[in-house]
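Notes follow once the structure below has been shown.
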Amino acid sequence: MSETAAPETAGYNFAYLDEQTKRMIRRAILKAVAIPGYQVPFASREMPLPYGWGTGGIQVTASIIGPDDTLKVIDQGADDTTNAVSIRRFFARTAGVATTEETTEASIIQTRHRIPETPLREDQIIVYQVPIPEPLRWLEPREAETRKMHALADYGPMYVRLYEDIAQYGRVTTAYDYPVLVNGRYLMKPSPIPKFDNPKMDMNPALQLFGAGREKRIYAVPPHTPVKSLDFADHPFTVEQWDECCAICGADGSFLDEVITDDRGGRMFVCSDTDYCRGRQIAKAAE
Amino acid sequence: MTALTLADIAPFDDEAPLLAVAGLVKRFGDRVACRDVSFELWPGEVLGVVGESGSGKTTLLNCVSAQLQPDDGRIAYQQRDGRVADLFDLSEPARRLLMRTDWGFVHQNPRDGLRLGLSAGANIGERLMAVGERHYGDIRDAALDWLQKVEIEIERIDDTPLTFSGGMQQRLQIARTLVSRPRLVFMDEPTGGLDVSVQARLLDLLRGLCDELGLAAIVVTHDLGVARLLAHRLIVMRGGAIVETGLTDQVLDDPQHPYTQLLVSSMLQ
Numbered sequence: 006m007s008e009t010a011a012p013e014t015a016g017y018n019f020a021y022l023d024e025q026t027k028r029m030i031r032r033a034i035l036k037a038v039a040i041p042g043y044q045v046p047f048a049s050r051e052m053p054l055p056y057g058w059g060t061g062g063i064q065v066t067a068s069i070i071g072p073d074d075t076l077k078v079i080d081q082g083a084d085d086t087t088n089a090v091s092i093r094r095f096f097a098r099t100a101g102v103a104t105t106e107e108t109t110e111a112s113i114i115q116t117r118h119r120i121p122e123t124p125l126r127e128d129q130i131i132v133y134q135v136p137i138p139e140p141l142r143w144l145e146p147r148e149a150e151t152r153k154m155h156a157l158a159d160y161g162p163m164y165v166r167l168y169e170d171i172a173q174y175g176r177v178t179t180a181y182d183y184p185v186l187v188n189g190r191y192l193m194k195p196s197p198i199p200k201f202d203n204p205k206m207d208m209n210p211a212l213q214l215f216g217a218g219r220e221k222r223i224y225a226v227p228p229h230t231p232v233k234s235l236d237f238a239d240h241p242f243t244v245e246q247w248d249e250c251c252a253i254c255g256a257d258g259s260f261l262d263e264v265i266t267d268d269r270g271g272r273m274f275v276c277s278d279t280d281y282c283r284g285r286q287i288a289k290a291a292e
Numbered sequence: 052m053t054a055l056t057l058a059d060i061a062p063f064d065d066e067a068p069l070l071a072v073a074g075l076v077k078r079f080g081d082r083v084a085c086r087d088v089s090f091e092l093w094p095g096e097v098l099g100v101v102g103e104s105g106s107g108k109t110t111l112l113n114c115v116s117a118q119l120q121p122d123d124g125r126i127a128y129q130q131r132d133g134r135v136a137d138l139f140d141l142s143e144p145a146r147r148l149l150m151r152t153d154w155g156f157v158h159q160n161p162r163d164g165l166r167l168g169l170s171a172g173a174n175i176g177e178r179l180m181a182v183g184e185r186h187y188g189d190i191r192d193a194a195l196d197w198l199q200k201v202e203i204e205i206e207r208i209d210d211t212p213l214t215f216s217g218g219m220q221q222r223l224q225i226a227r228t229l230v231s232r233p234r235l236v237f238m239d240e241p242t243g244g245l246d247v248s249v250q251a252r253l254l255d256l257l258r259g260l261c262d263e264l265g266l267a268a269i270v271v272t273h274d275l276g277v278a279r280l281l282a283h284r285l286i287v288m289r290g291g292a293i294v295e296t297g298l299t300d301q302v303l304d305d306p307q308h309p310y311t312q313l314l315v316s317s318m319l320q
């Protein structure tokens, strides 16, 4: 398969990782899929980019990608930011796969911080880059103890945190990486996506894989699995809302970024999902 | 196959001990902290454990409350449904559940028993949330109710215990422990480190709550005054062994063992 790679990557295996490493990661992925939300340890490799840039997600993608796949990479919803461009080019060069910016065209979507607005399908896989996989980490520093808490489904302390938020601020202030319970069993960090995207994870037809390179953990949400954001019976989970619509495409149901346009207080709200926004502009122009 | 009869699902038995300790031994290396300790605790009974520092009182309490694994001996506990189980045969989840529902532990230093970074309300609500309470309003109401019970102004519900006085911290610890309506409370020097007037108020509160809730308790103390006020029955320990046991007034007014006599005579009058 290396014949598809450009000359400067000759000598590298397909999709950069060697086959034994991919096998090891696939085993971890299979285990993760079998136990939704459970963090499976894996022997994370050094990747040719720094930790924090998506080494976990890249290893997962490298292990599942085939020559026929079409890859889309987004960072904060955008296809044209540094991370997204670098990772997309990395796989274009090392695997020679087709890349796309369109959500509907992609078979694998690697993401940082967002889930696309366009609903995903059963034949798609979404790979999340995860900085800190352990939802209980800031409540309990000991790894042995957090594992025990997961084993016993001892998630009371997480609710104590929500209680404190409501008592102090009248609402839960966690706005991203909002903890979820997967399949009614494991507490999971959904990676730093806004809580706006949490409901999209619930019963999603696509396979959702999470890779944390530095922390050496892989976890997964299989298709059509219930994912519930933690809340209290009398303080139900809610998502962000905006008074504005997207200034470019006029969408009122998408996640909006606030963009500062000058130094005199000028600002605009635009869709964070660039592909979704572009799709709507094209549809509008066609009318 | 025989049908399950009523006798199989034994209801809680008031006529049987709540906790029965038999032949408990705990060593730390060559040092024996508890040697062959046996006693029973009955429902609603407050048992005082007295003795000088280093006599094995706290080790005994830690073993009986399943925080330390004893080297030998059995601790049988009658659960809410009447079944009697050896503590160390119970699975870890069952033991954890016991620790946060049926049992309570009041530490000498409230800082060991409280979460200082959390508000008073969260401290009280923690046990409720740990056993599955998911209604914010109910948790809040329970916290307010217990703050009143332990005589802390309800306006302080969102303050952290760091801003509380020592006596208030100790009372908060008691509220946090009793909120799950335990049947058995372990107390390690509950009034240690408090000044005398605060001690008296706390003892009064504890005695009232024990009566009101029908709590059984094991109170470890070196203060015979505390023991006389709180405990129905006394165990006197020395060098890791029980030297004398009996009703509190009987032991304190008519001590039989020379060590107990020494202890009683050294009490400040």
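Top to bottom, those sequences are chains A and B.
Those letters in the first sequence? Residues 6 to 292, per our numbering, in order.
Those letters in the second sequence? Residues 52 to 320, per our numbering, in order.
Using N, Cα and C, we set each Cβ at its ideal position, and we do this for glycine too.
Determine the contact status of glycine 101 of chain A and proline 72 of chain A, defining contact as a CB-CB distance below 8 Å.
Yes, Cβ-Cβ distance for glycine 101 of chain A and proline 72 of chain A is below 8 Å.
Helix, strand or coil at proline 197 of chain A according to DSSP, with G and I counted as helix
Here DSSP, grouped into helix, strand and coil, assigns proline 197 of chain A to coil.
Cutoff 6 Å; reference leucine 213 of chain B; Cβ partners in own chain excluding five residues on either side
Taking C-beta separations shorter than 6 Å and ignoring five residues to either side along the sequence, the partners of leucine 213 of chain B in its chain run Leu167, following chain order.
Which residues, in chain order, does the region 144-155 of chain B contribute to contact with chain A at a C-beta distance below 7 Å?
When CB distances to chain A are screened at a threshold of 7 Å, the residues of the region 144-155 of chain B falling below it are Pro144, Arg147, in chain order.
Beta carbon of leucine 144 of chain A nearer than 8 Å to that of arginine 117 of chain A
No, Cβ-Cβ distance for leucine 144 of chain A and arginine 117 of chain A is not below 8 Å.
Rounded to whole angstroms, what is the Cα-Cα separation between leucine 186 of chain A and leucine 235 of chain A?
Each residue's CA atom was taken as its position, placing leucine 186 of chain A and leucine 235 of chain A some 7 Å apart.
Could you pull out every residue in the same chain whose Cβ sits closer than 7 Å to the Cβ of aspartate 74 of chain A, ignoring the five residues on either side in sequence?
For aspartate 74 of chain A, where only same-chain residues beyond five positions count, the Cβ hits under 7 Å are Val102, Ser112, Ile113.
So, at 7 Å on beta carbons, what are the nonlocal neighbours of alanine 282 of chain B in its own chain, with the 5 sequence-adjacent residues on each side left out?
By the criterion of a C-beta distance shorter than 7 Å, alanine 282 of chain B is surrounded in its chain by Val97, Leu98, Gly99, Val270, Thr299, once the five residues flanking it on both sides are discounted.
In this structure, what does DSSP give as the bridge partners for alanine 172 of chain A?
Alanine 172 of chain A is not bridged to any residue.
Report the rounded CA-to-CA distance for threonine 296 of chain B versus valine 287 of chain B, giving the unit in angstroms.
Going by the C-alpha atoms only, they are around 6 Å apart.
Comparing C-alpha positions only, which one of B:Gly102, B:Pro94, B:Glu66, B:Gly107 sits nearest to arginine 86 of chain B?
Closest in C-alpha terms to arginine 86 of chain B, from the list B:Gly102, B:Pro94, B:Glu66, B:Gly107, comes B:Gly107.
By the 10 Å Cβ neighbour count, where 16 or more other Cβ atoms means buried, how is proline 184 of chain A classified, buried or exposed?
Proline 184 of chain A comes out buried.
Checking contacts by CB at 8 Å: is isoleucine 269 of chain B closer than that to chain A?
Isoleucine 269 of chain B does not count as touching chain A.
Which word fits threonine 108 of chain A, buried or exposed, when buried means at least 16 other C-beta atoms lie within 10 angstroms of its C-beta?
Counting the other CB atoms within 10 Å of its CB gives threonine 108 of chain A a total of 16 or more, which places it among the buried residues.
Own chain residues within Cβ distance below 8 Å of leucine 148 of chain B, not counting five before or after:
Correct list, in chain order: Val182.
Judging by CA-CA distance, which residue of A:Arg190, A:Glu150, A:Ala180 is the nearest neighbour of serine 196 of chain A?
Out of A:Arg190, A:Glu150, A:Ala180, A:Ala180 has the C-alpha closest to the C-alpha of serine 196 of chain A.
Please report the straight-line C-alpha distance between tryptophan 58 of chain A and asparagine 88 of chain A, rounded to a whole angstrom.
Taking the straight line joining both Cα atoms gives about 7 Å.
Just reading off the beta strand (DSSP E) that leucine 235 of chain B is part of, what are its end residues?
Its beta strand (DSSP E) spans residues 235-239.
Consider the Cβ of glycine 176 of chain B: report whether some Cβ of chain D lies at a distance smaller than 8 Å.
Within the model displayed, chain D is absent; protein chains A and B are what it includes.
Can you give the Cα-Cα distance for valine 78 of chain A and aspartate 159 of chain A, rounded to whole angstroms?
Cα to Cα, the separation comes out at about 36 Å.
C-alpha gap between arginine 272 of chain A and glutamate 249 of chain A, whole angstroms:
Roughly 11 Å separates the two Cα atoms.
If I measure Cβ to Cβ from glycine 218 of chain B and keep anything under 6 Å in the same chain, skipping five residues before and after, which residues do I get?
So the qualifying residues of the chain are Leu245, Val249.
Contact belief for aspartate 239 of chain A with glutamate 106 of chain A at Cβ below 8 Å, rounded distance in angstroms:
Rounded to whole angstroms, the Cβ separation of aspartate 239 of chain A and glutamate 106 of chain A is 43 Å, and the two are not in contact under 8 Å.
Examine chain B for any beta-carbon lying closer than 8 Å to the beta-carbon of tyrosine 164 of chain A, and answer yes or no.
It does; some Cβ of chain B falls within 8 Å.
Name the chain A residues that come within less than 8 Å of glutamate 169 of chain B, Cβ to Cβ?
The residue asked about is misnamed: residue 169 of chain B is leucine in this sequence, not glutamate. Ordered by position in chain A, the residues that pass the 8 Å Cβ test against leucine 169 of chain B are Val165, Glu169.
To the nearest angstrom, how far is it from the Cα of histidine 158 of chain B to the Cα of threonine 109 of chain B?
About 11 Å.
Using the rule of at least 16 other Cβ atoms within 10 Å of the residue's Cβ for burial, across every protein chain shown, is alanine 290 of chain A buried or exposed?
Flag for alanine 290 of chain A reads exposed.
Go to glutamate 177 of chain B, then tell me how far its beta strand (DSSP E) extends in each direction, as first and last residue.
Looking at the DSSP string, glutamate 177 of chain B is not in any beta strand (DSSP E); the run it does join, the alpha helix (DSSP H), is 171-181.
Residue-level contact to chain A via CB, isoleucine 205 of chain B, 8 Å cutoff:
The beta-carbon of isoleucine 205 of chain B is placed no less than 8 Å from the nearest beta-carbon of chain A.
Buried or exposed: which applies to alanine 84 of chain B, given that a residue is buried once 16 or more other Cβ atoms fall within 10 Å of its Cβ?
With 16 or more Cβ atoms within 10 Å of its Cβ, alanine 84 of chain B is classed as buried.
Does DSSP put arginine 284 of chain B in a helix, in a strand, or in coil?
Looking at arginine 284 of chain B - three-state DSSP - the assignment turns out to be strand.
Beta carbon of arginine 234 of chain B nearer than 8 Å to that of asparagine 174 of chain B
No, these two residues do not count as a Cβ contact at 8 Å.
With respect to the alpha helix (DSSP H) encompassing glutamine 286 of chain A, which residues constitute its N-terminal and C-terminal limits?
Glutamine 286 of chain A -> alpha helix (DSSP H) spans 279-291.
Glycine 82 of chain A versus aspartate 262 of chain A - alpha carbon distance
Glycine 82 of chain A and aspartate 262 of chain A have their C-alpha atoms spaced approximately 10 Å apart.
Note down the Cα distance separating valine 177 of chain A from serine 170 of chain B, rounded to an integer number of angstroms.
Answer to the nearest angstrom: the Cα atoms are 15 Å apart.
Residue-chain proximity (alanine 161 of chain A, chain B), Cβ-Cβ < 8 Å
Before going further, note that residue 161 of chain A is glycine rather than alanine in the sequence given. At a cut-off of 8 Å between beta-carbon atoms, glycine 161 of chain A makes contact with chain B.
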